[in-house]
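For reference, the structure is listed below as structure tokens.
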Amino acid sequence: MTPAVRVLVADADEWRREALVAVLAAEPDLEPCPPAATVGEVISTPGVDVVLLHGGLDRGHGPIDVVRAMRVARGPAWVVLTDDVDLTDEVITAGAHGCLAASSTPVQIGAAIRAAARGDVAEIDQPTTGPLVQRVRREVPPLTVREVEVLRLVAAGLGNQEIAERLYLSLSSVKSHLSHTYGRLGVRRREAAAAEARRQGLI
């Protein structure tokens, strides 16, 4: 039997959190986690497969800010519900697996969550989402063989000097390879680059 998808509802509004949790609880293959109202609660909740984000969180963090910030670390997939359909492109580009209208039905929300849990893009009631994601992915150059080698060693816990010695490269070359991966993976740190590459199945 396939394990239920563990879903974390994240929303600063208590009433909306409870309403969304009730929607998820009615689906036998979806398991709602205790909901979160802050970024800290999202980060500290273990075993989450998909985060369902509606609106913003604490300290004025909007959906784009939250998704972009969480993308730097390996973590769950994200599906965003929003009242502003104009945010769709930005939310998907920031790293979410789907962006749905806040008025989406429980069936549509459930389908989007299941798609995100599989690593697919949720296109429910948002025909621009799928093409946009495919375009973004095509426009980002793939990692080179050398960059993959460097990230594999980062993931194994080696420092830059150790990687340079292992691959017979200069220290500056290692740093250059890492710097190139940051832009391609949308991260700012070496550990985050390795984690994101692993999440995408690149290493």
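Per the numbering used here, the very first residue in the sequence shown carries number -7; after that it's consecutive.
For glycine and all other residues, C-beta sits at the position ideal for the given N, C-alpha and C.
For R(-2), the three-state secondary structure derived from DSSP is strand. The residue from P20, G39 and E19 with its alpha-carbon nearest to that of P26 is G39. Taking 8 Å as the cut-off, the Cβ atoms of G87 and G178 count as close.
Look at L163 here: in three-state DSSP terms it is helix. Excluding the 5 residues flanking it on each side, L170 has same chain C-beta neighbours closer than 7 Å at V142, R182 and A185, in chain order.
Annotation for T80: the continuous alpha helix (DSSP H) segment containing it runs T80 to A86. V42 is bridged by DSSP to V(-1) and A69.
The residues V142, N152, I155 and A156, in chain order, have a CB closer than 7 Å to that of V166 in the same chain once the five nearest residues on each side in sequence are set aside. P98 carries a helical assignment under DSSP once its states are collapsed to helix, strand and coil. In this structure, the alpha-carbon of A4 lies about 16 Å from that of S36. The alpha-carbon separation between L194 and A2 amounts to approximately 29 Å. Taking C-beta atoms under 8 Å as the contact rule, L79 and I56 qualify, at a distance of about 7 Å. Beta-carbon to beta-carbon, V34 and V42 are separated by about 12 Å, too far to satisfy the 8 Å threshold. Residue L73 holds the alpha-carbon nearest to the alpha-carbon of L45 among D81, L73 and G32. Residue nearest to A187 within the set P68, W7 and V137 is P68 (criterion: CA-CA distance). Taking a contact as a CB-CB distance under 8 Å, the pair D21 and V(-1) does not count as one, their CB atoms being some 10 Å apart. Under a 10 Å Cβ-count criterion, V99 is classified as exposed, with fewer than 16 other Cβ atoms of the shown protein chains found around its own Cβ. Counted as a single uninterrupted DSSP element, the stretch harbouring E19 is not any alpha helix (DSSP H), since DSSP gives it neither H nor E.
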